[in-house]
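For reference, the structure discussed in these notes is given below.
Numbering (my numbering), first residue to last: 16 to 336.
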């Protein structure tokens with residue numbers, strides 16, 4: 016276990032009312048070597064506060080953080096951090112940024128410049144090496160910020176929304192870069208994101224933070240299997256009204272009491288999102304019978320997405336407030 020966070024509990028004093036506001040409460044999780052751990056949650060729930068606590072920007076008011084079993088205050092710091100904002104020096108160029116961070120991480124002066132050139136070529140920014148930061152595009156700045164976090168392969172890497180605001184091509188490039196670091200290095204990665212697609216693409220495991228508390232933890236597949244209570248049914252049929260009646264008619268429909276949403280995708284194609292706790296076999300039976308009677312041309316059933324799991328948790332805990 017490389018990271019281990021035991022019930023972190025940072026609190027802030029409200030300047031006017033002189034009251035303590037707890038931002039994160041009883042957060043406990045660990046991150047393994049060669050693992051990308053996703054931290055998801057709506058805006059304002061404490062994700063960035065948690066990351067700033069981990070890197071000692073904010074004090075812990077209760078609990079402990081361990082790196083390889085050693086308290087973070089005693090452990091040798093070896094953390095690469097990419098914040099939501101590009102924290103760069105406007106008048107320094109790319110090569111100077113990279114050499115500086117590599118030297119800080121213990122790379123010799125001779126090797127640092129060679130590594131800086133290799134990193135810049137890998138990220139396809141070698142044509143901009145001598146440009147000051149204030150002359151770079153937003154995508155190039157984001158690549159540089161990520162490079163500064165990962166150069167020299169620090170043991171702990173923290174990425175706070177690394178693809179926020181970048182174009183699709185840069186986003187895919189950053190994904191490939193993170194996957195290569197995850198799979199070939201010996202780093203432990205914590206990543207925050209609002210993109211469920213990004214979380215599924217990059218994260219071995221993830222957790223959802225709602226109102227300062229972790230509400231679930233596991234692989235993306237596990238969370239979808241455990242917490243999703245709805246299925247997506249797509250039907251191709253010329254007899255939609257009849258199929259709808261078989262499923263949802265209030266008097267004789269097999270799923271008359273189940274909540275659903277209906278979307279007309281195109282001519283003869285319809286999409287249902289159905290909340291089903293059980294009786295999935297009954298749904299297949301009805302659809303197969305309808306298909307054999309040529310009332311349905313084709314259909315597919317799939318479990319709801321990770322995004323829907325996230326939305327369900329957010330709604331549940333907002334209602335609890």
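All C-beta atoms, glycine included, are put in the ideal place defined by N, C-alpha and C.
Collapsed DSSP secondary structure at residue i in the structure displayed
i: residue 44; result: strand
i: residue 230; result: strand
i: residue 215; result: helix
i: residue 313; result: strand
i: residue 327; result: helix
i: residue 86; result: strand
i: residue 382; result: Nothing in the structure corresponds to residue 382, since the chain is present only between 16 and 336.
i: residue 147; result: strand
i: residue 133; result: helix
i: residue 251; result: strand
i: residue 337; result: The requested residue 337 does not occur in the structure, where the chain is confined to residues 16 to 336.
i: residue 186; result: helix
i: residue 125; result: helix
i: residue 140; result: coil
i: residue 100; result: coil
i: residue 196; result: helix
i: residue 291; result: coil
i: residue 274; result: coil
i: residue 205; result: strand
Boundaries (first-last residue) of the alpha helix (DSSP H) holding residue i
i: residue 65; result: 62-69
i: residue 236; result: 235-242
i: residue 53; result: Note, residue 53: premise wrong, no alpha helix (DSSP H); beta strand (DSSP E) at 50-55.
i: residue 175; result: Looking at the DSSP string, residue 175 is not in any alpha helix (DSSP H); the run it does join, the beta strand (DSSP E), is 171-175.
i: residue 162; result: 153-165
i: residue 118; result: 109-119
Separation of residue j from residue i, as counted between CA atoms
i: residue 150; j: residue 160; result: 15 Å
i: residue 198; j: residue 257; result: 51 Å
i: residue 288; j: residue 275; result: 5 Å
i: residue 71; j: residue 81; result: 12 Å
i: residue 209; j: residue 328; result: 14 Å
i: residue 99; j: residue 75; result: 22 Å
i: residue 65; j: residue 45; result: 14 Å
i: residue 50; j: residue 148; result: 31 Å
i: residue 267; j: residue 259; result: 11 Å
i: residue 313; j: residue 53; result: 36 Å
i: residue 180; j: residue 318; result: 30 Å
i: residue 243; j: residue 121; result: 47 Å
i: residue 177; j: residue 320; result: 22 Å
i: residue 310; j: residue 299; result: 14 Å
i: residue 297; j: residue 255; result: 18 Å
i: residue 303; j: residue 240; result: 24 Å
i: residue 189; j: residue 217; result: 10 Å
i: residue 57; j: residue 225; result: 7 Å
i: residue 222; j: residue 69; result: 16 Å
i: residue 47; j: residue 83; result: 10 Å
i: residue 23; j: residue 63; result: Below a pLDDT of 50, predicted positions are generally treated as unreliable, and residue 23, at 48, falls in that range; the measurement from the model is reported next regardless. Answer to the nearest angstrom: the Cα atoms are 13 Å apart.
i: residue 87; j: residue 153; result: 33 Å
i: residue 21; j: residue 43; result: With a pLDDT of only 46 at residue 21, under the threshold of 50, the placement of this residue in the model should not be trusted; the figure read from the coordinates follows. Rounded to the nearest angstrom, the two C-alpha atoms are 5 Å apart.
Cβ-Cβ separation, residue j to residue i (assumed contact under 8 Å), whole Å
i: residue 13; j: residue 265; result: Since the first residue shown for the chain is 16 and the last is 336, residue 13 is missing from the structure and cannot be characterised.
i: residue 55; j: residue 214; result: 6 Å
Endpoints, beta strand (DSSP E) assigned at residue i
i: residue 95; result: 94-97
i: residue 304; result: No beta strand (DSSP E) holds residue 304; the alpha helix (DSSP H) holding it covers 295-307.
i: residue 75; result: First-last for residue 75: undefined, no H or E at that position.
i: residue 9; result: Lying before the first or after the last residue shown, residue 9 is absent from the chain, which here runs from 16 to 336.
The segment 321-328 in contact with the segment 227-247 per 3-pair CB rule at 8 Å: yes
Touching by the beta-carbon criterion (3+ pairs, under 8 Å), the segment 198-208 and the segment 127-137: no
Cβ pair count under 8 Å reaching 3, the segment 133-147 against the segment 106-125: yes
Segment contact, 8 Å Cβ cut-off, at least three pairs: the segment 164-180 with the segment 88-97: yes
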